[in-house]
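**Q**
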Amino acid sequence: MAARFFDEMLDWQDGVAAAIHAGESLPAGAVRGHYKQFADWLARQSEGTMDNKRAEADLIFRRVGITFAVYGEKPPDQIYNNAQYRPEMLGIDVPRDIYAHVAGIDVVRAGEGEFYVLEDNLRVPSGVSYMLENRKMMMRLFPDLFARNRVAPVAHYPDLLLDMLRGVSPQNIADPTVVVLTPGMYNSAYFEHAFLAQQMGVELVEGSDLFVQDDHLYMRTTQGPQRIDVIYRRVDDDFLDPLVFRSDSTLGAAGLLSVYRAGNVTICNAIGTGVADDKSIYPYVPDMIRFYLGEEAILNNVPTYMCRRPDDLQYVLDHMGELVVKETHGAGGYGMLVGPAATRAEIDTFREVVRARPEQYIAQPTLALSTCPTYVESGIAPRHIDLRPFVLSGRDVRMVPGGLTRVALREGSLVVNSSQGGGTKDTWVLER
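Position 138, counted from 1, in the sequence shown is what the UniProt record's numbering calls 138; the numbers after and before it change by one each time, with no gaps.
#1: Can Val168 and Arg96 be called in contact, C-beta distance under 7 Å?
#2: Taking its Cβ as the centre, do 16 or more other Cβ atoms sit within 10 Å of Phe191, making it buried, or is it exposed?
#3: Just how far apart, CA to CA, sit Pro340 and His34?
#4: Is the closest heavy atom of the ligand ATP to the C-beta of Glu47 under 6 Å?
#5: Looking at the unbroken alpha helix (DSSP H) that takes in Gly349, where does it start and where does it end?
#6: Could you tell me the distance, in whole angstroms, from the CA atom of Pro365 to the CA atom of Asn149?
#7: I believe Leu217 touches Ile228 by the beta-carbon criterion, under 8 Å. Please report the beta-carbon distance rounded to the nearest angstrom.
#8: Pull up the DSSP beta-bridge partners for Cys307, would you.
#9: Assess contact between the segment 199 to 214 and the segment 134 to 143, defined as three or more Cβ pairs (one per stretch) separated by less than 8 Å. Is contact present?
#10: May I ask which residues mark the beginning and end of the beta strand (DSSP E) holding Ile380?
#11: In angstroms, rounded to a whole number, what distance separates the CA positions of Glu404 and Leu90?
#12: If you run the structure through DSSP and keep just helix, strand and coil, what is Gln364?
#13: How is Leu79 classed by DSSP in three states: helix, strand or coil?
#14: Whether or not the segment 396 to 416 and the segment 157 to 171 are in contact is what I'm after, with contact meaning three or more pairs of Cβ atoms, one per stretch, closer than 8 Å; do they touch?
#15: Compute the distance between the beta-carbons of Ala253 and Leu210, then report whether it is under 7 Å.
#16: What ranges does the alpha helix (DSSP H) occupy inside the segment 269 to 309, keeping only unbroken runs of at least 4 residues that lie completely in it?
#17: For Asp312, which residues from the same chain have a beta carbon less than 7 Å from its beta carbon, with the 5 sequence-adjacent residues on both sides left out?
#18: What residue ranges within the segment 79 to 130 form continuous beta strand (DSSP E) runs of no fewer than 3 residues, ordered along the chain?
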């Protein structure tokens, strides 16, 4: 019998599968309560209507450009040998002692009330433009749905983001200058950088627009140099300052770290936060919460095997066909093996890779990610999803009631990353 996944809309009681297969009405109680109005609406939509709406959405998204290009106690060595560790940050007092100003937390549901944090994104988390544009698109195409449901708004996210950025300016500057630093138009997420800058009403800058003088950072403008107080950076650490990191980088500003060290600029997120979202750190997060906060984590971690440990390594090598194996520094769905979906040859090849460099891999059981009704070429069908809410940390911690729902569009796939062909959905939080 095929595995039954938790379905966000349907309670798969007796007779549901047969009714769907026969195109008949669902039994009473088959639709979960909070989905009832949506399910009634969906049942009235013709295939032609849905095809037309999808084509219209595709056309608008292409026109505006809202697509990403496809391109406890912690062992000290896992910090010092981490690819994201930045010893240059030693001795720097980070403004207001906040390191991760913007966090994207990937959450999955594996059963009724069974939620897990899949990973933390703390360097330059992306995808919030999808959240905002998906909502605008849904309201444009299906206004009747929003008239029937009290859906909490998300459009104020740029206002919350700007308020947070202004609130973390160094030295309590009353009217700080905030900029968004982008690698440029050839970056896969450039639309998001430009979109957020436009929505916040701040300048979008590149490295060539910036210069350092007397331990302050400036941007060139038609009215002359203007001092910058807060950088919302969408550039990786290695490219921020060619005097300290990669000497060939033109994406940052020479001398930026000296400005940061002097306390004259806030960089969001702080340099070095990549250590905290490295997959080798993930298993220790509940211990860190317990140690620093004296609390238990509200959401569970996925049980994790650390291949650097001999016993864990042996288990992973023996059970690789049952596990999801991930490279600790990997991102975007790369450098991983989903054992149940892999061929014998792929498993054998990956086993040798892990055996050669065990310290660079972790493994986890294959979670039965929940599914959500998704309009695909064959019609409405369940597809696996995860949720990325965005958390803003400044003078306080805030988030909008929503997030980015990512969808594995290929049937049976558990990989939701956009770089691997995944899609996104509008996410509703219903107000009572």
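Even for Gly, the Cβ is constructed at its ideal location relative to N, Cα and C. Please read these numbers as outputs of a predicted model, since none were measured by experiment.
**A** Considering the structure as presented:
#1: Here residue 168 corresponds to residue number 168 of the sequence shown, with the count starting at 1. Here residue 96 corresponds to residue number 96 of the sequence shown, with the count starting at 1. It is a contact, given that the beta carbons lie within the stated cut-off.
#2: Sequence index remark: in the sequence shown, residue 191 carries index 191 (1-based). Per the 10 Å Cβ criterion, buried.
#3: Against the sequence shown, residue 340 aligns to sequence position 340. Against the sequence shown, residue 34 aligns to sequence position 34. Using only the alpha carbons, I get a separation of about 33 Å.
#4: Because no ligand of any kind appears in the structure shown, any question about the ligand ATP cannot be addressed here.
#5: Position 349 of the sequence shown, counted from the first residue, corresponds to residue 349. The sequence given here has Thr at residue 349, not Gly. Element bounds for Thr349: Arg344 to Ala356.
#6: Here the question's residue 365 lines up with position 365 in the sequence shown. Here the question's residue 149 lines up with position 149 in the sequence shown. If you take the alpha carbons of Pro365 and Asn149, they lie about 37 Å apart.
#7: The residue labelled residue 217 in the question sits at position 217 within the sequence shown. The residue labelled residue 228 in the question sits at position 228 within the sequence shown. Confirmed, Cβ separation roughly 5 Å.
#8: As a working note, residue 307 is residue 307 in the sequence shown. According to DSSP, which records beta bridges pairwise, Cys307 is partnered with nothing at all.
#9: no
#10: In the sequence shown, counting from the first residue as 1, residue 380 sits at position 380. Run containing Ile380: Gly379 to Arg388, per the beta strand (DSSP E) assignment.
#11: Counting from 1 along the sequence shown, the entry for residue 404 is found at position 404. Counting from 1 along the sequence shown, the entry for residue 90 is found at position 90. According to the sequence provided, residue 404 is Leu. The question's Glu does not apply to it. Cα to Cα, Leu404 sits roughly 34 Å from Leu90.
#12: For the purposes of this step, residue 364 is taken as the residue at position 364 of the sequence shown. Three-state result, Gln364: strand.
#13: In the sequence shown, the residue the question calls residue 79 occupies position 79. According to the sequence provided, residue 79 is Ile. The question's Leu does not apply to it. In this structure, Ile79 counts as helix in the three-state DSSP scheme.
#14: yes
#15: As a working mapping, residue 253 is identified with position 253 in the sequence shown. As a working mapping, residue 210 is identified with position 210 in the sequence shown. Yes, the Cβ-Cβ distance between Ala253 and Leu210 is below 7 Å.
#16: 285 to 293
#17: Residue numbering aside, residue 312 sits at position 312 when the sequence shown is read from its first letter. Within the same chain, Asp312 has close Cβ partners Tyr305 and Met306.
#18: For the segment 79 to 130, the continuous beta strand (DSSP E) assignments of 3+ residues that do not extend past its boundaries occur at 102 to 111 and 114 to 121, in sequence order.
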